[in-house]
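First comes the structure, then the notes that go with it.
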Amino acid sequence: MGTVEPQVAATATQSPTTDGFQLVIDALRQNGIDTIFGLPGIPITDLTRRAQAEGLRVLSFRHEQNAGYAASIAGFLTQKPGICLTVSAPGFLNGLNALAHATTNCFPMILISGSSEREIVDLQQGDYEEMDQLAIAKPLAKAAFRVLHAEDIGVGIARAIRAAVSGRPGGVYLDLPAKLFAQSIDAESGKRSIIKVVDPAPRQIPAGDAIQRALELLRNAKRPLILLGKGAAYAQADADIRALVENTGIPYLPMSMAKGLLPDTHEQCASAARSFVLPEADVVLLIGARLNWLLSHGKGKTWGGKGHKGWGGQRFIQIDISPQEADSNVKIDAPVVGDIGSCVSALLAAIGSGWAKPPADWLNAINERKTKNVAKMAETLAKNPAPMNFHSALNVVRDIVKANPDAVLVNEGANALDFTRSIVDMYKPRKRIDVGTWGIMGIGMGYCVAAAVTTKQQVIAVEGDSAFGFSGMEVETICRYNLPVCIVVMNNNGVYKGTDVDPNGRDPAPTVFVKGARYERLIEAFGGVGVHATTPAELRAAMEEAIRSRKPTLINAVIDETAGTESGRITSLNPTAKKK
Ligand SMILES: Cc1ncc(C[n+]2csc(CCOP(=O)(O)OP(=O)(O)O)c2C)c(N)n1
Ligand SMILES: [Mg+2]
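332 is the number that my numbering gives to position 284 of the sequence shown; each next residue is one higher, with no gaps.
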């Protein structure tokens, strides 16, 4: 055993050191990242502890997929990359779904996964949780990097941040092998190695001739239409987008997550006449909306085309940050490439004042449809059938959201999604977050956690009973952090409906769950409030109380099991066996 003195002498002459753990934390913090969504284990357990000790918010989940979805939507809501932190192989794979989701939805996110020893992994010698994670992440990520040396952590995180938020945002993978964390280097050079990223998402100014080309087309339109996508919501250019819509007087349709960019009750909102305006419009201005399946690829019957691929005759102006987006499905006559904020403000400036409103016959025709459809919907919503159905339950949610316009609405399911989207009006930007481009189930509870911690607002989740099951265990997470989340499970005993039966009478049908399941008891196990609601009045009282108390609440809203339709609104995409 040595004495104490030599050690003291040694530390007195050695310069201070830092290590990989610390450098990761410093690099994130210096770039304004204050929250990590993750799940601890080898080799990142100490990273979660030390990040928390240093004041970062570390939110620990029950499954990495939910942490990943949380990170992805935090990216959407804040324009900063959402961080998901996982262990190696299985934890990494659990996070990968969310990484792919972020890339597909253009949400900035960084999946940081610990990984096993490179020398062993590359020789496939059977290491603990052995996997070539970088290779696997690459096709699903916008970019993927690995850091091997502590002095490169600063560069690695800077590159990951830039890749995630610049241009079209997306999911980035950052591989941090176990050995990196304990590497120690001189503190001063460590400090110098951190890069505070300057201008991570540079504005991209559209070309003047592109703006003129777009205005030319718009000016000559007889039946113009504006389509707002979630890219427009992400851009946080809310005032300019509203001014563009109002100054031109052009009717607009918001895509699901663009709802509330202008209030859904706005007189120019054409949502209630969607099936009329799409085929009838002659010039369509797309703002941060891609012509993917959600818009029937810009052609076919939805757009008034003959058959399922026929062009409907519309001419398109497309504002998008990616120069490759135009012409992906139909011809784009006027592509405007740039960031949405810059493009919209350039259009606004070029329009000036005195833009002629669209022809009155177009606006009148839309209003006529709107009035008729709104009246029809009001009639349906006023009914109070027993058992409760989607409409009578969502009529309550509609009122609650109207009274609490700052609340964030999370929504997933099939019927539970489609009916909510069309019935529940949104009043403010980025208040509706849902299944996104893929129509995935499983975003629910992760989105709730992220929305609550990043916005500090009340969160309301409208969940199909199937949808809820994908992330249901995170009600513990919601209770543990005591988040103001009110979950409404639209319980119709199954996927789409609860009525299917096994023709052989042996098992429950594949689409059906335990009938009369008591989902509210799940949250009671963790100290949350559970409510069983069988009428709109019970649902209303429970939601009002949840919002008043800000307590984690799960309301099991019992819905008529015959009320839904197969696949909700997208029945046409569902191949079914030919009926005999
Ligand atoms: C990850 C994933 N798995 C499966 C599906 C297929 N799917 C679409 S909607 C849905 C569930 C619909 O049932 P529910 O959430 O109860 O909504 P309901 O129509 O009954 O209101 C499923 C499983 C999916 N979209 N995503
Ligand atoms: Mg259901």
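Note that CB positions come from ideal geometry on N, CA and C, so glycine has one too.
CB of A212 within 8 Å of CB of G162, strictly: No, they are not a contact pair.
Three-pair Cβ contact test at 8 Å for the stretch 509-520 versus the stretch 574-589: Cβ pair count under 8 Å is below three, so no.
Proximity below 8 Å, CB of L277 to CB of R322: It is worth fixing the name first, because residue 277 is Gly in this sequence and not Leu. The Cβ atoms of G277 and R322 lie no closer than 8 Å to each other.
For T601, the residue or residues it bridges with in DSSP: DSSP output for T601 lists C534, V577 as bridge partner(s).
Validate contact between the stretch 494-504 and the stretch 528-543 using beta carbons, cut 8 Å, 3 pairs: Between the stretch 494-504 and the stretch 528-543, the count of C-beta pairs closer than 8 Å reaches three or more; the two stretches touch.
Nearest neighbour of G256, chosen from I242, S393, A189 [CA to CA]: Comparing Cα-Cα distances from G256 to each of I242, S393, A189, the minimum goes to S393.
Three or more C-beta pairs below 8 Å linking the stretch 123-140 and the stretch 169-179: In the pairwise beta carbon analysis, the stretch 123-140 is classified as touching the stretch 169-179: at least three pairs are separated by under 8 Å.
Secondary structure, beta strand (DSSP E): runs of 3+ residues fully inside the stretch 342-390: Runs of the beta strand (DSSP E) spanning 3 or more residues and lying entirely within the stretch 342-390 occur at 363-368, 382-385, in chain order.
For I274, the first and last residue of its enclosing beta strand (DSSP E): Bounds of the beta strand (DSSP E) holding I274 are 272-276.
Euclidean distance between Cα positions of T624 and I274: It is roughly 35 Å from the alpha-carbon of T624 to the alpha-carbon of I274.
Alpha carbon of G348 to alpha carbon of F324, nearest angstrom: CA-to-CA, the gap between G348 and F324 works out to about 14 Å.
In DSSP terms, what Y300 is bridged to: Answer is I274, C317.
Paired residues, beta bridge with E511 - DSSP: Paired residue(s): E460, V537.
Opposing strand residues paired with R105 [DSSP bridges]: DSSP lists T83 as the beta-bridge partner residues of R105.
Contacts around R240, its chain only, beta-carbon distance under 7 Å, and the 5 residues preceding and following it disregarded: Hits under 7 Å: none found.
Buried or exposed by the 16-neighbour rule on C-beta atoms within 10 Å, applied to G400: When all chains shown are included, G400 counts as exposed.
K476 at chain D interface by Cβ criterion, 8 Å: Any reference to chain D falls outside this structure, which holds one protein chain only.
G512: CB within 7 Å of a non-hydrogen atom of ligand 2: Because some heavy atom of ligand 2 lies under 7 Å away, the Cβ of G512 counts as near it: yes.
Span separating the alpha-carbon of H609 from that of L457: First, the residue type needs correcting, since residue 609 is Glu and not His in the sequence shown. So the alpha carbons of these two residues sit roughly 24 Å apart.
Contact test: M436 Cβ vs ligand 2 heavy atom, cutoff 7 Å: Not so, every heavy atom of ligand 2 lies at least 7 Å from the Cβ.
Span separating the alpha-carbon of P383 from that of G336: Straight-line Cα distance between these residues: approximately 12 Å.
Classification of R267 by the beta-carbon crowding that lies within 10 angstroms, buried from 16 upward: Here R267 is exposed: its Cβ has fewer than 16 other Cβ atoms, across all protein chains shown, within 10 Å.
Beta strand (DSSP E) runs wholly inside the stretch 143-167, at least 3 long, in chain order: Qualifying beta strand (DSSP E) stretches, in chain order: 157-163.
Reduced DSSP category for L333 - H, G, I as helix; E, B as strand; rest coil: Reduced to three states, the DSSP call for L333 is strand.
Beta-carbon proximity list for D447, same chain, < 8 Å, skipping 5 on both sides: So the qualifying residues of the chain are R588.
Ligand 2 heavy atom lying under 7 Å from the CB of G89: Set against 7 Å, the gap from the CB of G89 to the closest heavy atom of ligand 2 is not smaller.
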